[in-house]
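A short worksheet on the structure shown next.
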Amino acid sequence: MNIAVLLKQVPDTTAKISVSGGRVDENSVSKWSMSPYDEYALEAALKLKEAGGGNVVAISAGPSRCEKLLRDAAAVGADDLVHIMNDDINNLDSTQLQKLLAAAISKSNSSIVLCGKQAADTNSGSTGPGVAEILGASCMTMVSEVTKDGEDYLATRPSSSGHEKVAVSAPCVFAFDKGVTEMRRPNVRGIMMAKKKEIEIWSAADLDVDLGNSNVTINSHSPPPEKPPGQKFEGADSVSTVVAKLRDEANVI
Amino acid sequence: MEITVLAESSGSTLHPITSQLVHAANTLGVSPTVVVPGGEGSEEASNLDGVGKVISVVGDCFATFDGGAWASALSSQCSGMILAGATPKGREIASRIAAKLGMPIVQDVTNISSGITVTRPIYSGKAIETSSIQENCVVTLRANAFDAAGSGGSAPINTVDQSADVSLSIKEAINKATERLDVSEADIIISGGRGIGQKENFSHLEEVADLVGAAVGASRAVVDEWGMPHSMQVGQTGKTVTPSLYIAVGISGAIQHLAGMRSSKYIVAINKDPEAPIFGVADYGIVATWEEAVPALKSALSSL
Ligand SMILES: Cc1cc2nc3c(=O)[nH]c(=O)nc-3n(C[C@H](O)[C@H](O)[C@H](O)COP(=O)(O)OP(=O)(O)OC[C@H]3O[C@@H](n4cnc5c(N)ncnc54)[C@H](O)[C@@H]3O)c2cc1C
Ligand SMILES: Nc1ncnc2c1ncn2[C@@H]1O[C@H](COP(=O)(O)O)[C@@H](O)[C@H]1O
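Here the protein sequences come in this chain order: A and B. Residue numbers for the first sequence follow numbering that gives the first Met the number 0, so the first one is 0 and each next one is one higher. Residue numbers for the second sequence follow numbering that gives the first Met the number 0, so the first one is 0 and each next one is one higher.
Right, here's the structure in full:
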């Protein structure tokens, strides 16, 4: 069985986001990157493969720019690349996106799925558990590490008193928080191989998915409200003034 | 219109988000049904103002957190629009219930108005999205973005016995070294960055934290370089926090750090560099070294 990893291409965390005509202007995004938690998911997928075999299938839904993200994943070791072509990924509601991803996971013959706990653009955290529900799989979120334990998997997640190691069997979705190791760097050979790698391009029709209508309509995007400029003080002597203001102006202490 | 609120408990009491969810439902003119997973906190839920009824769902599955099992046990009690907290558990169960019922989910909403219109920050707060939704939608609300419902109610409590198969088994619990308040639970946070110099100096921040019941947070630089626990990290790849007061000490204010804390109600920055970007989001900025400012903060807070 294969290991699927869901990778979303998002504006780099340092990129400026500008709004024009009531929508975030994607054309003005200076740099696109793999969503940060997805990097940890990819690294964990590669480690699982090294320990127990199976191909790592990188799956991304989005417009044609996502090809770069898939090749970056191949350069560090992803075996199969799946591009669900969709030009308007952020206008899909959670139900529509999850149907596409779940269908691609099934078609890729994967019983283990790794993804990010939240994408850096939506900041939602809906996809991992939602896809698990559609696939009838178990799910764990906020995972920092997964290892193979015989037929089972052992994942680390936070608990109310610290951390816990939890055993689960396939099929399972692991939604990654920051992991214990950063994503490996590609080497020259990896980059060369990745350039030639074939990418499966699937449409909703190829996946037999009827997207249907959405119950969520995005009306507008807007820049965040300007915060009134703060008050600035010089020197440690001002600390007592600030503390008094926190009590009397802000009412927070 | 009908609204179901999914309660969240921490231990035997309700998480503060629950009363905020109830209040948000009330502002839409609805007295919601509050569903309490595992039943802990049902009494408290029934005492909140503006609750229609409480359904206390009890079953063995609630002993272990398994979002899939919980969603199976809870979903048949949910009708109309479903509101949950945008906490890690809330997001997971809500997503799972949404997928089970074939309803879309909108997460981390900071404003909701009848119609139904929801507003939420996207791109870590670099833009705001406003959407129209139908009643059959699941919505999670950001903690502290809504007022809390008062108490004084006495809604009826129905207890429902409903479990589901748990597919996870906990093999090992690793306890935190210290029993400090978690940044995601705290109403006041004091965070330190590389400007603090070394890990040991966090003890000064802990002393301030203890004076006001605050949690101690950290920038990624110190988490990575000094081996502080990742659970303390605030920012893009750490926690997103929205306390009433966030005090940043020796933190430059990199965009990825701001992503995790810029929605705090009030921000105080202590930094020796007057040009540090953190001052751009601070309500009260203090240009000083921490060596001078933190002791002054300690004495000012202890003489309140
Ligand atoms: C993909 C990605 C994700 C990231 N995620 C996060 C994240 O989740 N959280 C996060 O925090 N960062 C994150 N970062 C890192 C971020 O870019 C910064 O590197 C980091 O926040 C810097 O930490 P810092 O402010 O502690 O250190 P620095 O940037 O080194 O700042 C130290 C500050 O301390 C001040 N200072 C020095 N001495 C004193 C003194 N004696 N008294 C008072 N002030 C003093 C200095 O003026 C300076 O402003 C991420 C980066 C990337 C690329
Ligand atoms: N369009 C997409 N293509 C591939 N993976 C995705 C996509 N959208 C979301 N994901 C995965 O789901 C995770 C959570 O996304 P979200 O629910 O939007 O916060 C991301 O970190 C990715 O791993």
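Even glycine gets a Cβ: it sits at the ideal position worked out from N, Cα and C.
Distance cut-off 7 Å: residue i Cβ against heavy atoms of ligand 2
i, result
"L6 (chain A)", "yes"
"A40 (chain A)", "yes"
"Q255 (chain B)", "no"
"C114 (chain A)", "yes"
"G96 (chain A)", "Gly is not the amino acid found at residue 96 (chain A); the sequence shown has Leu there. Yes, Cβ of L96 (chain A) sits closer than 7 Å to a heavy atom of ligand 2."
"L253 (chain A)", "With chain A covering 0 to 252 only, the question about residue 253 (chain A) has no answer from this structure."
"T236 (chain B)", "no"
"A204 (chain A)", "no"
"I88 (chain A)", "yes"
Residue environment, residue i, which counts as buried when at least 16 other CB atoms sit within 10 Å
i, result
"I266 (chain B)", "buried"
"Q197 (chain B)", "exposed"
"E178 (chain B)", "exposed"
"R188 (chain A)", "exposed"
"T158 (chain B)", "exposed"
"S153 (chain B)", "exposed"
"R64 (chain A)", "exposed"
"R219 (chain B)", "buried"
"K116 (chain A)", "buried"
"D92 (chain A)", "buried"
"P157 (chain A)", "buried"
"D207 (chain A)", "exposed"
"M141 (chain A)", "buried"
"A50 (chain A)", "exposed"
"S302 (chain B)", "exposed"
"E38 (chain A)", "buried"
"S166 (chain B)", "buried"
"Q133 (chain B)", "exposed"
"M260 (chain B)", "buried"
"V179 (chain A)", "exposed"
Length of the line joining the Cα atoms of residue i and residue j
i, j, result
"S8 (chain B)", "G61 (chain A)", "38 Å"
"A72 (chain B)", "I16 (chain B)", "21 Å"
"V4 (chain A)", "L45 (chain A)", "10 Å"
"D151 (chain A)", "V145 (chain A)", "10 Å"
"A243 (chain A)", "Y245 (chain B)", "16 Å"
"A154 (chain A)", "K226 (chain A)", "41 Å"
"N270 (chain B)", "I250 (chain B)", "7 Å"
"V130 (chain A)", "T121 (chain A)", "16 Å"
"F61 (chain B)", "G21 (chain A)", "44 Å"
"H229 (chain B)", "L47 (chain A)", "23 Å"
"K331 (chain B)", "F175 (chain A)", "Here chain B comprises residues numbered 0 to 303, so residue 331 (chain B) is not present and cannot be evaluated."
"I127 (chain B)", "Q161 (chain B)", "39 Å"
Residue i beta carbon near ligand 1 (any heavy atom closer than 7 Å)
i, result
"V221 (chain B)", "yes"
"E290 (chain B)", "yes"
"P35 (chain A)", "yes"
"T118 (chain B)", "no"
"G194 (chain B)", "yes"
"S218 (chain B)", "yes"
"Q232 (chain B)", "yes"
"S123 (chain B)", "no"
"S251 (chain B)", "yes"
"T241 (chain B)", "no"
"A310 (chain B)", "In the structure displayed, chain B extends from 0 to 303; residue 310 (chain B) sits before or after that span and is not available."
"T180 (chain A)", "no"
Cβ neighbours of residue i in the same chain (closer than 6 Å, five flanking residues each side left out)
i, result
"S11 (chain B)", "E39"
"P10 (chain A)", "V28"
"S137 (chain A)", "V167, C171"
Same chain only: Cβ atoms within 7 Å of residue i, ignoring 5 sequence neighbours per side
i, result
"G149 (chain B)", "D48"
"V215 (chain A)", "D92"
"A119 (chain A)", "V9, T12, S34, P35"
"A292 (chain B)", "I269, I285"
Neighbourhood of residue i by C-beta distance below 8 Å, restricted to the same chain and skipping five residues each side
i, result
"A73 (chain A)", "A57, L80, G189, M192, A193, K196"
"K88 (chain B)", "E7, F64, G66"
Would you list, in chain order, the members of the region 230-243 of chain A that have their beta-carbon closer than 7 Å to a beta-carbon of chain B?
-> Contact residues of the region 230-243 of chain A toward chain B are Q230, K231, F232, E233, G234, A235, S237, V238, S239, V241, V242 (C-beta to C-beta distance below 7 Å).
Note down, in chain order, all residues in the region 285-300 of chain B with a beta-carbon under 7 Å from any beta-carbon belonging to chain A.
-> Against chain A - using a Cβ distance shorter than 7 Å - the residues of the region 285-300 of chain B are I285, V286, A287, E291, A292, A295, L296, A299, L300.
Using Cβ-Cβ distances below 7 Å, what residues of the region 150-174 of chain B are close to chain C?
-> Going by chain labels, chain C is absent from the structure shown, which instead holds the protein chains A and B.
Determine which residues of the region 26-46 of chain B have a Cβ less than 9 Å from any Cβ of chain A, and write them out in chain order.
-> Against chain A - using a Cβ distance shorter than 9 Å - the region 26-46 of chain B contributes no residues.
Interface positions of the region 263-280 of chain B facing chain A (Cβ-Cβ less than 9 Å), listed along the chain | Here the close residues are K264, Y265, I266, V267, A268, I269, P273, F278, G279, V280.
May I ask you to list, following chain order, the residues of the region 203-216 of chain A that have a beta carbon less than 8 Å from some beta carbon of chain B?
-> Within the region 203-216 of chain A, the residues whose Cβ lies closer than 8 Å to some Cβ of chain B are S213, N214, V215, T216, listed in chain order.
Taking only beta carbons into account, state which residues of the region 220-244 of chain B come closer than 8 Å to chain A, listed in chain order.
-> Those residues of the region 220-244 of chain B placed with their C-beta closer than 8 Å to a C-beta in chain A are H229, S230, Q232, Q235, T236, G237, T239, S243, L244, ordered along the chain.
Using a Cβ-Cβ cut-off of less than 9 Å, give me the residues of the region 76-89 of chain A that come near chain B, in sequence order.
-> Within the region 76-89 of chain A, the residues whose Cβ lies closer than 9 Å to some Cβ of chain B are N89, listed in chain order.
Contact set between the region 71-94 of chain B and chain A, restricted to residues whose Cβ is under 9 Å from the partner | Residues A85, P87, K88, R90, E91, I92, A93, S94.
Please list the residues of the region 109-121 of chain A that have a C-beta atom closer than 9 Å to any C-beta atom in chain B, keeping them in chain order.
-> Identification of residues in the region 109-121 of chain A having a C-beta nearer than 9 Å to some C-beta of chain B yields K116, Q117, A119, D120, T121, given in sequence order.
May I ask you to list, following chain order, the residues of the region 29-42 of chain A that have a beta carbon less than 8 Å from some beta carbon of chain B?
-> The region 29-42 of chain A vs chain B, Cβ under 8 Å: P35, Y36.
Determine which residues of the region 94-111 of chain B have a Cβ less than 8 Å from any Cβ of chain A, and write them out in chain order.
-> So the close ones are S94, R95, A97, A98, K99, G101, M102, P103, I104, V105, Q106, D107.
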